[in-house]
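Numbering (the working numbering), first residue to last: 158 to 643.
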């Protein structure tokens with residue numbers, strides 16, 4: 158099966174006197190090396206578009222011996238033409254232009270000074286910390302910010318809709334059944350701290366798991382948390398919860414002589430509990446600060462309401478919210494209503510969270526399930542996950558089969574195999590891995606037989622091309638594999 162050799166080099170208007178084939182061999186990984194003189198030719202000759210076309214066929218591109226201006230021009234070219242987010246890493250003053258041109262700049266503090274650190278968005282002390290910065294903190298940052306933004310939209314839509322439903326019963330006069338100070342403090346104090354704490358401390362997956370399974374980083378690249386679907390589902394859930402928080406108290410108090418502020422206090426209290434418990438459902442890793450902020454917000458609301466209603470005699474004349482909360486504390490209907498409201502409002506979301514592993518398992522959810530296993534079994538499952546990812550690449554016959562969906566295969570799982578006692582799961586050769594190695598050796602053996610016409614002893618396959626194949630191919634003018642450097 159041919160790799161797109163002729164198609165690649167025809168971009169620049171010439172054809173190399175050789176091409177290559179991957180018949181019987183694993184898929185080749187193409188790398189492109191460009192130096193400063195080649196970049197001058199590309200930029201001065203208006204070959205940027207053709208250069209980008211060539212890079213799309215390469216697994217990696219290396220630009221060496223470049224000037225600071227060339228570094229920044231390459232970053233701007235990729236960012237503007239391919240419409241992607243770019244990240245630049247530098248440790249010296251000659252990298253400042255590149256760091257400023259990229260969407261995200263990471264500076265490394267070293268012997269070349271602090272110029273790169275001062276011009277970057279993030280800084281690390283050594284290059285080895287870049288892995289944890291991207292795979293761990295990058296994933297956590299995206300997950301926290303995405304969920305926090307969705308939660309702020311949800312809680313504001315929920316609370317505003319309470320006033321919207323009331324307009325149908327007050328002839329759209331713009332009146333409110335909730336006291337104005339209660340509405341002001343609702344977003345300012347009562348529901349503001351828990352999402353901020355969750356946005357700073359929450360961890361959906363541990364750092365160890367994120368480092369062991371780098372494929373989880375794709376959840377941020379694919380925008381699996383903050384996307385139009387999750388946004389509209391959150392808004393739809395907010396409309397539903399606002400309906401529940403308004404009409405359950407309405408049905409409970411519709412035949413009574415309750416005044417408007419008493420009804421509004423029940424609605425406001427039930428909505429507050431619903432919104433805070435909604436935040437509790439979204440927390441993955443509970444800490445002491447999460448519990449303190451949620452419980453503290455509830456206590457702060459009741460303490461403020463009690464003091465405010467007890468002292469506010471002429472706050473909103475002629476209908477003053479005087480002694481309303483104190484009277485509600487003695488009403489059984491009040492406790493029944495504020496308990497049933499969060500249960501009914503959050504029941505659909507709770508069912509979706511409980512059943513999402515049954516109907517649509519994702520990489521993130523599978524990783525969360527792995528963390529609940531014992532340490533030895535967890536390492537064993539991670540090793541099987543990695544094996545499933547590498548398996549299709551070895552068996553595939555062409556580059557189109559290289560990108561298998563790891564999430565799909567990981568959801569299927571592998572047959573259970575017993576772990577021998579006394580052996581660590583990550584230190585033994587598994588049956589599936591041995592089978593894949595044998596398949597690779599058989600493929601190499603068949604290739605040698607086809608090329609030389611004779612049986613040759615095959616050593617364990619290392620990914621390198623046997624010397625006798627290259628010499629035989631050159632003599633017979635057949636296709637061979639050659640290294641290309643631009």
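Beta carbons: idealized from backbone N, C-alpha and C, even for Gly. Since this is a predicted model, take the numbers as computed values, not measurements.
In the three-state reduction of the DSSP assignment, residue 332 falls in the coil class.
Within its own chain, the residues whose Cβ lies closer than 7 Å to the Cβ of residue 300, once the five positions on either side in sequence are excluded, are 361, 382, listed in chain order. The DSSP assignment places complete alpha helix (DSSP H) segments of no fewer than 4 residues inside the region 172-249 at 193-201, 205-213, 225-239, in order along the chain. Here residue 491 is buried. Its C-beta has 16 or more other C-beta atoms within 10 Å. Taking 8 Å as the cut-off, the beta carbon of residue 185 is found no closer than this to the beta carbon of residue 209. Nearest to residue 278 by C-alpha distance, out of 255, 292, 293, is 255. Between the C-alpha atoms of residue 379 and residue 479 there is a straight-line separation of about 53 Å.
In this chain, residue 486 is not harboured by any beta strand (DSSP E), its DSSP state being neither H nor E. In this structure, 212 is the residue among 201, 207, 212, 197 with its C-alpha nearest to the C-alpha of residue 187.
Contact annotation: the region 439-458 touches the region 342-361, with at least three C-beta pairs closer than 8 Å. Straight through space, the alpha carbons of residue 195 and residue 306 are spaced by roughly 45 Å.
Around the beta carbon of residue 436, 16 or more other beta carbons sit within 10 angstroms, so the residue counts as buried. If you draw a straight line from the Cα of residue 224 to the Cα of residue 191, it is about 13 Å long. For residue 261, the secondary structure class from DSSP, reduced to helix, strand or coil, is strand. Per the coordinates, the alpha-carbon of residue 502 lies some 22 Å from the alpha-carbon of residue 485. Just so you know, the alpha carbons of residue 388 and residue 221 end up roughly 43 Å apart. By the CB criterion at 8 Å, residue 368 and residue 289 fall inside the cutoff. In the DSSP secondary-structure assignment, residue 280 is bridged to 264.
Cβ-Cβ distances below 6 Å link residue 263 to 246, 277, 279 in the same chain, with the five nearest sequence neighbours on each side left out; the list follows chain order. In this structure, 189 is the residue among 231, 189, 328 with its C-alpha nearest to the C-alpha of residue 215. The residue from 198, 438, 407, 399 with its alpha-carbon nearest to that of residue 317 is 399. The Cβ-Cβ distance between residue 251 and residue 339 does not fall below 8 Å.
One Cα belongs to residue 512, the other to residue 197, and the distance between them is close to 57 Å. Taking 8 Å as the cut-off, the beta carbon of residue 354 is found no closer than this to the beta carbon of residue 430. The bridge partners DSSP lists for residue 270 are 267. For residue 305, the uninterrupted alpha helix (DSSP H) run begins and ends at 296-323, by DSSP. The shortest CA-to-CA distance from residue 445 to any of 259, 542, 538, 359 is the one to 359.
By the 16-neighbour rule on beta-carbons within 10 angstroms, residue 275 is exposed.
When the beta-carbon positions are compared, residue 524 and residue 370 come within less than 8 Å of each other.
Nearest to residue 528 by alpha-carbon distance, out of 497, 515, 487, 441, is 441. Under the 10 Å beta carbon count, residue 538 is surrounded by 16 or more other beta carbons and is classified as buried. With distances taken between CA atoms, residue 384 lies nearest to 304 out of 304, 412, 333, 364. Within 10 angstroms of the beta-carbon of residue 296 lie 16 or more other beta-carbons, which makes it buried. Excluding five sequence positions before and after residue 432, the CB atoms of its chain that fall closer than 7 Å to its own CB belong to 312, 315, 348, given in chain order. For residue 441, the three-state secondary structure derived from DSSP is coil. In the structure shown, residue 348 falls within a coil segment according to DSSP collapsed to helix, strand and coil.
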